[in-house]
Amino acid sequence: MFIRCAFFEGKVRPGQEKTFHEFVSEKLVPLWTQFPGAEEVRVLSQKESDTESPHYAMVLSIKYPSMAAIERALASDVRFKSRDVTGELIKMFDGRIFHTVFDLRHDVKLAD
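Numbering (our numbering), first residue to last: 61 to 172.
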């Protein structure tokens, strides 16, 4: 399993936090869940940290079964559409966005 993450390192512009998160929920999550091969989509919003910097306004995490699945998703029409829509989102954001792929070594489900 592999997880591709988009890190939004920086801050949402003051006063636009609610609009930013609503935009993600309403316009981007529906696209991200359509990526071919995606098995799980998570959107994380930083609430606290033991360090002041870096700050992550958001982290997008998408789980895939293989690197080939990631390559298909990155080449898909829906990915290019999501990039266009993300262009609107970044008008509310000051910082940088970068992507990293992680090899999922352990996925332990704990009992309730």
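C-beta atoms are modelled at their ideal positions from N, C-alpha and C, and glycine is treated no differently. Note that the structure is a prediction, hence the values are computed from the model and not measured.
| Helix, strand or coil: how does DSSP classify residue 153 here? | strand
| query | How about residue 155 and residue 71: are their beta carbons less than 9 Å apart? | reply | yes
| request: Can you have a look at residue 88 and say buried or exposed, based on whether 16 or more other CB atoms are within 10 angstroms of its CB? | output: buried
| query | Among 170, 102, 165 and 69, which has the Cα closest to the Cα of residue 61? | reply | 165
| said: Please give me, in chain order, every unbroken run of the alpha helix (DSSP H) with length at least 4 that falls completely inside the region 84-117. | reply: Taken in chain order, the whole alpha helix (DSSP H) runs of length 4 or more contained in the region 84-117 are 89-92.
| field | Through-space distance from residue 126 to residue 100, alpha-carbon basis | value | For the pair residue 100 and residue 126, the Cα-to-Cα distance works out to about 13 Å.
| query | Over what stretch of residues does the beta strand (DSSP E) that includes residue 66 continue unbroken? | reply | For residue 66, the enclosing beta strand (DSSP E) stretches over residues 62-72.
| field | DSSP three-state assignment for residue 120, whether helix, strand or coil | value | Strand, per DSSP.
| request: Determine the burial state of residue 149: buried for a count of at least 16 other Cβ atoms within 10 Å of its Cβ, exposed for fewer. | output: buried
| Residues that DSSP places opposite residue 159 in a beta bridge | 66
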